[in-house]
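Taking mature numbering (1 follows the signal peptide of the UniProt record, and there is no 0), I'd label the letters of the sequence shown as residues -31 to -1, 1 to 431. We put the beta carbon where it would ideally sit given N, CA and C, even for glycine.
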Amino acid sequence: MRTPHVQFRPRSATAGLLVSLLLCATAVAFPADGQAALPPDHSHPPATALPTVSAQPGQTALPAQPAPSGSCTLTMRKALTSTLQASGITSFGGVVSSSIELWQSGASRPLAPASVTKLLTASAALHTLNPNRRQETGVYLAIDGSLVVRGTGDVTLSRRATGPTFYRNAARLSDLARQVSDKVKLLPIKPKRLIVDTSYYTGPTMAHGWDRWDIGGGSIAPIVPAMLDGARIYDTGWYNPRTATPSLQLGATLAQYLNVKGLTVEVADSTPLALLPLGKVYSAPLTDRVHDMLLYSDNVLAESIGREVAKALAKPASFHGAASAVLTAIGTNGIPTTGAILHDTSGLSTYNRLSARTVAETLRPHTLVDKTQVTDIIEANLPVAGQSGTLRYRFGGQNAAARGHIRAKTGSLNNVSTLAGIVYSLRTSTPYYFAFLVNDTAYWPATSLVDNLAAVLYRTGC
């Protein structure tokens, strides 16, 4: 169904009166660029880039770390190779490193990465954006008296008026509605239209390599710049079905909160002339959104964060722009991207290709600054084997001893299973950074292999 375009009437005396009255009643001040400044309780530093991973003047490189001993490394390599060979799986790429690369098999081979792609998105975002960055959603009074909802990428808005929000520290739609309602009450003529403006993003709303079935399956939704609970129909579970019309869902729910008689909801992909801000709310900081993206492998959140990187690098807020921006950002920070092909920033596209080496290098710190500001944030928000997120029910049986000692991002598509993360060895707590990618293999044998390899690292690492 084609998204309707909104035609605005020339400014009338009535419209001018509405705006004048509301301006007088609310005494609103307008910044020069037409965007309202953040209120003090939502203030945050400008979105400036974090230092890059390469050591610059004033930065401190990581102190040289001794490589694990030769005999110990040999034992680990033999165990990894034996585990891989015993599986009979050949469509594989893997790498293990500490201060240096210790083991690899097909590490440069481009393979479908599935959701370990989110490690690249997280790394790019944390290197490019301020970790306290928040995205705003606002409602404005248009020149014809309509209400216009404009989002800048917050897909985590909560429909819950009270209690815990679905996403961590999410803004509440009820708070936005309350601000708007207070001002609408001052209008002599009540608005008849509520328009959800989607123009902040460009291009298709579904990526190349996505399946629309995954909307109902709970994995994805059409990507637009403002959503309720990641476009979930019910906010009771991470994998609940999502709506195919997230902008209408947002508009309809806001209209219910406003309770203005006769208010109709529309969606527009053009920017109406909006004169007066009526209310704004702000998302959780970037670090909170990275937490939810990594821990629960949220695809919608990954796509919105990818577009934040695109905007920061002056690229289109589209699938192509976001994918290009993520690869540019990590490449600038010393991560190899040879053979990398991305059609999204979540990993859901079946046409994405990454090497195990590219994925693993997003986890390995190159400087003390990088370790403190980027890789430590990523590590702290990864699922933990047998305990949290998408690894809660993994690493049982012979691998149970590794529970609690492996932090990793999972990935899964049809005939694709991937795992990338950090293992601290049983004997010395040495960190090992790894990525294991399996393609063209059924779920259970593929997942068993990547889990077994990670468990081998824990048991045999020096």
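Take residue i and list the residues in its own chain whose beta-carbon comes closer than 6 Å to its own, dropping the five residues that flank it on each side.
i    : result
G308 : P79 and S324
W413 : none
Q148 : G248
A291 : G275, R276, A279 and T314
I365 : It should be noted that the sequence gives Gly, not Ile, for residue 365. Answer for G365: no residue qualifies.
Over the uninterrupted alpha helix (DSSP H) stretch that includes residue i, give me the two end residues.
i           : result
S68         : No alpha helix (DSSP H) holds S68; DSSP gives it neither H nor E.
T90         : T86 to T97
residue 448 : Absent from the structure is residue 448, since the part of the chain shown begins at -31 and ends at 431.
V149        : L142 to V153
A221        : P215 to L227
A349        : D345 to A349
Could you tell me which residues DSSP puts in a beta bridge with residue i?
i    : result
G120 : T106
Y427 : Paired residues: none, contrary to the question.
Y393 : P400
W72  : V65
V328 : Answer is none; V328 lacks a bridge partner.
I192 : DSSP output for I192 lists no bridge partner at all.
E277 : Per DSSP, none; premise fails for E277.
V234 : L163
I310 : R322
R211 : R201
L388 : T379 and F405
S127 : R141
V419 : Per DSSP, none; premise fails for V419.
L80  : L323
A111 : A243
Determine the contact status of residue i and residue j, defining contact as a CB-CB distance below 7 Å.
i    : j    : result
S84  : I299 : no
T233 : R162 : yes
N384 : T410 : yes
R363 : D420 : yes
P215 : G187 : no
R137 : D267 : no
H277 : G122 : In the sequence as presented, His is not what sits at residue 277; that position holds Glu. Yes, these two residues count as a Cβ contact at 7 Å.
V64  : A377 : no
G355 : V269 : no
Y402 : P246 : no
V229 : A140 : no
D313 : A224 : no
L406 : G62  : yes
T306 : T327 : yes
T319 : G178 : yes
P160 : S115 : yes
V117 : A111 : yes
D238 : S168 : yes
N350 : V259 : yes
N408 : S60  : yes
A423 : I375 : yes
T344 : I304 : no
For residue i, decide whether its Cβ has a neighbour in chain D, counting only Cβ atoms nearer than 7 Å.
i   : result
H96 : No chain D appears in the structure shown, which is made up of a single protein chain.
In the DSSP assignment, find the beta strand (DSSP E) that holds residue i and state where it starts and stops.
i    : result
P400 : P400 to N408
R376 : I375 to L382
V165 : R162 to D166
I176 : For the record, residue 176 in the displayed sequence is Ala; it is not Ile. First-last for A176: undefined, no H or E at that position.
A283 : First-last for A283: undefined, no H or E at that position.
Sorted by chain position, which residues of the same chain lie with C-beta nearer than 8 Å to residue i's C-beta, five sequence neighbours on each side aside?
i    : result
L282 : T97, A294, T297 and A298
P100 : L19, P254, L255, T256, Q342 and I346
A48  : V425, R428 and T429
T90  : M262, A271, I274, G275, V278, V295, T314 and S315
L244 : V(-13), Y109, L110, A111 and I112
C431 : P37, S38, C41, T42, M45, S394, R396, T397 and T399
For residue i, which residues in the same chain have their Cβ closer than 7 Å to its Cβ, ignoring the five residues on either side in sequence?
i    : result
Y170 : I192, V193, P194, R276, A286 and S287
K87  : M262, L263, S266, A271, S315, G316 and K378
S417 : none
L142 : L126, S127, R128, L197, T222, L223 and Y226
T212 : A190, A200, I202 and Q218
L382 : A81, A83 and T319
Which runs of the alpha helix (DSSP H) fall wholly inside the segment 243 to 274 and span at least 4 residues, in chain order? Listed in chain order, they are 255 to 265.
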